[in-house]
Amino acid sequence: MFRLGWRVFRERLPTVRDARRVHRARWIALGVALLVGAVAVWRQAMSEWAGTGAVGSTVAIVLLAVAAGLAAAACCPTASEPAPAATINGRQIRPDAQMWVRKSVGPYLQRRPREVLPEHAEAVRNDVELLQRGYTRQLVRWATAVGALLCFVTTMVVVTGFPGYAIAWAALYGAMLIERIIELGRSERARRSAVAAAATATATPTASASASASASGSASASVRPPLDTGAAPTRRD
413 MFRLGWRVFR ERLPTVRDAR RVHRARWIAL GVALLVGAVA VWRQAMSEWA GTGAVGSTVA
473 IVLLAVAAGL AAAACCPTAS EPAPAATING RQIRPDAQMW VRKSVGPYLQ RRPREVLPEH
533 AEAVRNDVEL LQRGYTRQLV RWATAVGALL CFVTTMVVVT GFPGYAIAWA ALYGAMLIER
593 IIELGRSERA RRSAVAAAAT ATATPTASAS ASASASGSAS ASVRPPLDTG AAPTRRD
């Protein structure tokens with residue numbers, strides 16, 4: 413499921429993010445990082461808050477600036493607007509703010525695979541497309557926020573002698589990313605099952621009609637008209 417979810421994430425990412433918003437978010441993050449880095453350098457020159465060692469202080473300042481830039485990027489909106497047709501039960505939604513599926517779709521997203529019933533195929537395809545969009549957008553934001561947290565905690569470890577296991581504690585939040593990617597894979601599995609169910613439901617009436625036509629043709633061929641022998645009727649005087 414992880415490999416399938418990662419593939420879906422890579423395919424959905426270009427369609428989820430707006431290029432103009434991403435470009436703006438990058439410039440904002442860069443500006444925040446440079447500003448925080450400049451302030452950190454000035455404070456280091458004034459009070460040596462990052463320590464007296466050149467290497468340690470440089471690492472701390474860089475990590476703090478990167479953490480600030482990543483935090484700013486995580487707060488910037490980068491999602492593109494959903495299409496007008498992207499609705500659930502006829503209601504326009506913001507998938508990056510509200511992610512849910514209707515009750516009939518939920519059972520197909522569980523750990524154990526289930527065959528999608530033909531009557532649920534359309535709902536599964538519609539809801540899963542929106543759900544994958546929301547998951548992809550959330551993964552980008554979570555990954556950026558987790559990166560900012562890791563950089564900040566590492567800065568605290570370098571500067572203040574914070575316990576080293578705090579880095580591992582921050583890295584545990586990365587497990588959320590792995591679980592979300594697995595859920596992406598499950599949703600794609602359900603979508604493919606729905607596509608197959610819809611194709612089967614479409615092909616079944618066609619096959620039934622063909623079978624009925626063949627049966628009618630066979631029945632017509634079995635009823636043959638009497639043969640004309642060509643003999644003239646017997647005439648009696």
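Going by the numbering used here, the sequence shown opens with residue 413, and the numbers climb by one from there.
All C-beta atoms, glycine included, are put in the ideal place defined by N, C-alpha and C.
Small disclaimer: the values here were computed from a predicted structure and weren't measured.
So, Gly468 versus Met511, is the Cβ gap smaller than 8 Å? For this step, residue 468 is matched to residue 56 along the sequence shown. For this step, residue 511 is matched to residue 99 along the sequence shown. No, Cβ-Cβ distance for Gly468 and Met511 is not below 8 Å.
Terminal residues of the alpha helix (DSSP H) in which Met568 lies: Here residue 568 corresponds to residue number 156 of the sequence shown, with the count starting at 1. Its alpha helix (DSSP H) spans residues 533-572.
DSSP three-state label for Arg429, please. As a working mapping, residue 429 is identified with position 17 in the sequence shown. In the structure shown, Arg429 sits in a strand (DSSP, three-state: E or B).
Once DSSP output is grouped into helix, strand and coil, what is the label at Ala462? Reading the sequence shown from its first residue, position 50 is the one you call residue 462. Ala462 falls in the coil class under three-state DSSP.
Looking only at C-alpha atoms, which of Leu482, Arg455, Gly518, His435 sits nearest to Thr470? Position 58 of the sequence shown, counted from the start, is the residue given in the question as residue 470. Per the Cα distances, Arg455.
Do the region 569-579 and the region 435-455 meet, that is, are 3 or more Cβ pairs less than 8 Å apart? no
With three or more beta-carbon pairs closer than 8 Å as the criterion, would you say the region 531-548 touches the region 584-602? Touching, yes, given that three or more Cβ pairs across the two stretches are closer than 8 Å.
Whole angstroms is fine: what's the gap from Val451's alpha carbon to Ala580's? Here the question's residue 451 lines up with position 39 in the sequence shown. Here the question's residue 580 lines up with position 168 in the sequence shown. Whole-angstrom Cα-Cα distance: 28 Å.
Straight-line gap, Ala466 to Val453 (C-alpha atoms, nearest Å): What you label residue 466 is simply residue 54 of the sequence shown in a count that begins at 1. What you label residue 453 is simply residue 41 of the sequence shown in a count that begins at 1. C-alpha separation (whole angstroms): 12 Å.
Given a cut-off of 8 Å, decide if Leu521 and Ala602 are closer than it, judged by their beta-carbon atoms. What you label residue 602 is simply residue 190 of the sequence shown in a count that begins at 1. What you label residue 521 is simply residue 109 of the sequence shown in a count that begins at 1. It is a contact, given that the beta carbons lie within the stated cut-off.
Do Thr490 and Ala437 count as a contact pair if the criterion is CB distance below 8 Å? The residue you call residue 437 lines up with position 25 of the sequence shown. The residue you call residue 490 lines up with position 78 of the sequence shown. The answer is yes: Cβ separation under 8 Å.
Out of Leu561, Val420, Ala431, Leu425, which has the shortest C-alpha to C-alpha gap to Leu584? As a working note, residue 584 is residue 172 in the sequence shown. Residue Leu561 holds the alpha-carbon nearest to the alpha-carbon of Leu584 among Leu561, Val420, Ala431, Leu425.
Could you tell me the alpha carbon to alpha carbon distance between Phe414 and Arg524, rounded to whole angstroms? Mapped onto the sequence shown, residue 414 falls at position 2. Mapped onto the sequence shown, residue 524 falls at position 112. Distance between the alpha carbons of Phe414 and Arg524: 15 Å.
In whole angstroms, what is the alpha-carbon distance linking Leu475 and Gly559? What you label residue 475 is simply residue 63 of the sequence shown in a count that begins at 1. What you label residue 559 is simply residue 147 of the sequence shown in a count that begins at 1. Answer to the nearest angstrom: the Cα atoms are 10 Å apart.
Expressed to the nearest angstrom, what Euclidean distance is found between the alpha-carbon atoms of Glu460 and Arg604? Locating residue 460 in the sequence shown gives position 48, counting from the first residue. Locating residue 604 in the sequence shown gives position 192, counting from the first residue. The straight-line gap from Cα to Cα measures roughly 59 Å.
Start and end residues, alpha helix (DSSP H) containing Tyr577: By 1-based counting over the sequence shown, the position of residue 577 is 165. That run of the alpha helix (DSSP H) goes 577-583.
Please classify Ala613 as buried or exposed, where buried requires at least 16 other C-beta atoms within 10 Å of its C-beta. In the sequence shown, residue 613 corresponds to position 201, counting from 1. Answer is exposed; the Cβ neighbour count stays below 16.
With a CB to CB cut of under 8 Å and the five nearest residues on each side skipped, what residues in its chain are close to Val473? Numbered from 1 along the sequence shown, position 61 holds the residue referred to as residue 473. It should be noted that the sequence gives Ile, not Val, for residue 473. Excluding sequence neighbours, Ile473 sits near Gly449, Ala452, Val453, Gln456, Ala462.
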